[in-house]
């Protein structure tokens, strides 16, 4: 038996080590777990006596897709153009499968498979342990991903598309291959057309690319390519002016102005943190004067800046979750519950500090920039009561929390080893001092 052990010990260890570094093997159980979580909920809602949730937006999307299938043209309103990418995707899926329930199955499937992108993004930015923790959290601690995969809304597909876009950007930066660059540009264009949040996400992704450029590269690129860049910008401005003067953008501008008024008068003016009244609101008497740049929006924010500032701070707190505004901090039990709920936030912040300490902050800053992008969107507009607009940040929050947990574990392990080493050193000193001749030698 001993000879058998001695013969096969090293080959078995080498095989285990070889398997342990194969990302695709590590991913298999997590992909199955993620699919199980998403599809279990899907089949639960599809079972007799249950039904899939719906909303006014869902009904509008389905009606619009049906209109496009019937051959009616694309409109020029805000919802027609700003959600063009999702509208076309939903139209294609409805044309192929006819049934919204089948579309939801595909949506749940894509949401489950997104765990692959979460793993690879965390792996590219940090390390394998962080990637494993992130995938586990994505499987079991992301109810928002599961929930919105059962609605006919842009959010679920948008999250998967955003993850794909980030992954392709990171692969392009890592390899420099033109294939990855072309794939990233194509996904970025589609992301911008998918829904308005995509434009903000791309702005922060652009900031990430600028942050990670080597010194002087941006200036040299602009200096070398200034003519095509200036020509492209001039062409875009000219096209927009032609469309504007021809009245082609009138419907879009009017619908955007209407939406801005609705947000100002129905949410800001009432001091709402969410899209409906809550105990956490900040009611105030607004000043409606339009006396700054002849702009309704700018005038409202400037004339009510103190109340708007309070509203923004409350939204920052509410962004953490309903527990942040509903926990009773006057009792020991409430304080303990608040502390437990703050653990993910604490790990997320610790991960930022650890990345800065380890020299990874610039490389991994896309994680925090995209969370900041979603936070900014929720602060400026509102946080919907079901936290739907926070959902695109969830995968990146998960990766940030995973790196914080990884860093905390490594720090605790280092402190434990250091403490044990010091205790053993003190023990050895004690033994030597009590050894025969030890005191004489010390003298």
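Residue numbers (this note's numbering): 1 to 443.
Using N, Cα and C, we set each Cβ at its ideal position, and we do this for glycine too.
When you compare only the Cα positions, how much space is there between residue 251 and residue 196? 17 Å
Buried or exposed: residue 155, going by 16 or more other Cβ atoms within 10 Å of its Cβ? It is buried - the Cβ of residue 155 has at least 16 other Cβ atoms within 10 Å.
Does any residue of chain D bring its CB to less than 9 Å from the CB of residue 359? The chain inventory of the structure shown lacks chain D, comprising one protein chain alone.
Between the alpha carbons of residue 232 and residue 278, how many angstroms are there, rounded? 47 Å
Does the separation of the CB atoms of residue 213 and residue 167 fall below 9 Å? no
Can you look up residue 274 in the DSSP assignment and give me helix, strand or coil? strand
Residue burial classification, residue 51 (beta-carbon count within 10 angstroms, cutoff 16): exposed
Going along the chain, which unbroken runs of the alpha helix (DSSP H) with 4 or more residues stay wholly within the region 303-353? 305-319, 323-326, 332-341
Check each candidate in 81, 48, 118, 386 and name the one with the smallest Cα separation from residue 403. 118
Starting from residue 103, follow the alpha helix (DSSP H) in both directions and report where the run begins and ends. 100-113
Is DSSP giving residue 399 helix, strand or coil here? helix
Taking the C-alpha atoms as reference points, what is the distance between residue 444 and residue 23? Any property of residue 444 remains undetermined from this structure, which presents the chain solely from 1 to 443.
Is it right to say residue 427 is buried, meaning 16 or more other beta carbons lie within 10 angstroms of its own, or is it exposed? exposed
For residue 84 and residue 61, believed in contact at Cβ under 8 Å, the rounded distance: Contact doesn't hold; Cβ gap of about 12 Å is too wide.
Which residues share a DSSP beta bridge with residue 383? Partner(s): 274.
Pairing CB atoms from the region 92-109 with CB atoms from the region 161-177, are three or more of them under 8 Å? no
Would you call the region 138-152 and the region 73-84 in contact, with 3 or more CB pairs under 8 Å? no
The region 294-304 in contact with the region 322-329 per 3-pair CB rule at 8 Å: Taking one beta carbon from each stretch, the region 294-304 and the region 322-329 have fewer than 3 pairs nearer than 8 Å; the two do not touch.
For residue 297, collect the residues of the same chain with a Cβ closer than 7 Å to its Cβ; drop the 5 residues on either side in sequence, then sort them by chain order. 260, 264
Pairwise C-alpha distance: residue 58 and residue 407: 41 Å
Just to confirm, are residue 114 and residue 159 a CB contact at a threshold of 9 Å? yes
Short of 8 Å in beta carbon distance, which residues of its chain neighbour residue 42, apart from the five on each side in sequence? Order them along the chain. 104, 105, 108, 149, 150
Among the residues of its own chain, which have a CB less than 6 Å from the CB of residue 405, if the five just before and after it don't count? Taken in chain order, the residues that qualify are 133, 347.
What three-state label does DSSP hand residue 141 in the structure shown? coil
Going along the chain, which residues of its own chain have a beta-carbon closer than 7 Å to the beta-carbon of residue 440, five neighbours each way excluded? Residue placement at residue 440 cannot be trusted, given a pLDDT of 45 that sits under 50; the coordinates are not used to answer.
Nearest candidate by alpha-carbon position, reference residue 33, set 135, 253, 56, 69: 135
Got a sec, what are the start and stop residues for the alpha helix (DSSP H) residue 56 sits in? 56-69
Going by other Cβ atoms of all chains shown within 10 Å of its Cβ, with 16 needed for buried, is residue 29 buried or exposed? exposed
Go through its chain and collect everything with a Cβ distance to residue 157's Cβ below 7 Å, but skip five positions before and after it. 86, 89, 107, 110
Start-to-end residues for the alpha helix (DSSP H) that takes in residue 182: Residues 178-194.
Below 8 Å on the Cβ atoms is my guess for residue 316 versus residue 379; work out the distance and round it to an integer in Å. 6 Å
For residue 163 and residue 37, the rounded distance between their alpha carbons: 19 Å
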